[in-house]
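*Asks:* One structure, pasted below without further comment.
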Amino acid sequence: MPVTQHACCLISSIPAAWTLAEETIEQNQSSWDVLTHTYWRDYKGANRTAQQIVSDFSIGSQLGEGDFWIVKAVPTRLAANIWAATVTGYGLARSRVKVSGAAQVEHQQHDNTAVPGYATPQKVSVLEAAPTITVEYITTSAPNTQLVGLAGTPPMGYDVRDSIWTSLTEPTLNIPYGWILMDLPFDTLANTDVSLVQEVWQWRFQYAP
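In our numbering, the protein residues as written are 551 to 759.
Structure, rendered in structure tokens:
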């Protein structure tokens with residue numbers, strides 16, 4: 551559930567004439583946290599349009615004093631020259647790196663395979679471990695897309711059993727092997743260099759039949 555705070559103060563990243571009336575933050579386990587500010591302003595004798603109001607809340611500019619950036623602003627006329635603006639920002643309520651994983655297997659079939667313990671080649675059906683790790687974080691740097699497909703070290707890993715093919719006389723060498731960065735989807739906020747990044751890692755054994 552989001553936490554709501556009521557205040558009557560000024561926020562430096564918004565024009566000073568706007569008064570912050572309400573602040574709501576929704577902190578999520580994954581994806582963006584959402585910060586919502588509601589402001590009001592009395593223009594007194596000056597007439598304003600919604601288009602003029604929204605120009606005070608540029609998409610991509612910082613919202614509040616934390617790591618939040620404006621993604622939406624909705625102005626509402628309360629009276630002749632009195633306006634409210636509901637402003638939504640995406641970002642992080644606190645420093646967070648989320649790690650999730652799965653320990654699935656891959657089904658492989660091979661013909662005429664030399665199998666330890668058998669004198670002649672065998673037709674085999676094998677279950678190989680193929681665990682994955684997904685690391686999610688926010689960055690203001692360009693995502694390292696050039697690293698996709700290469701071996702590396704994820705921020706957090708876990709144990710993987712030994713390969714069953716290490717004793718083969720002439721195994722196939724997998725390149726690369728170990729933890730491989732398989733995918734790097736990211737979501738960049740408009741008019742910013744702020745991205746929500748997911749690193750998807752998969753384990754690949756060194757040898758195969």
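Think of the CB as a built atom: it goes at the ideal place given N, C-alpha and C, for glycine as much as any other residue.
Starting from P625, follow its DSSP beta bridges and name the residues at the other end.
*Replies:* A635
*Asks:* Could you tell me the distance, in whole angstroms, from the CA atom of A669 to the CA atom of V655?
*Replies:* 27 Å
*Asks:* Ends of the beta strand (DSSP E) at V649?
*Replies:* 648–652
*Asks:* Taking the C-alpha atoms as reference points, what is the distance between L723 and F755?
*Replies:* 9 Å
*Asks:* When we look at the beta-carbon of P704 and count the other beta-carbons within 10 Å, is it buried (16 or more) or exposed?
*Replies:* buried
*Asks:* Near I683, which residues of its chain fall below 6 Å by C-beta distance, leaving aside the five closest residues on each side in sequence?
*Replies:* G651, P704, W751
*Asks:* What is the DSSP secondary structure of T703, reduced to helix, strand or coil?
*Replies:* coil
*Asks:* Given 8 Å as the limit, is there contact between the segment 707–719 and the segment 608–628, that is, 3 or more CB pairs closer than that?
*Replies:* Cβ pair count under 8 Å is below three, so no.
*Asks:* The beta strand (DSSP E) with I564 in it runs from where to where?
*Replies:* First-last for I564: undefined, no H or E at that position.
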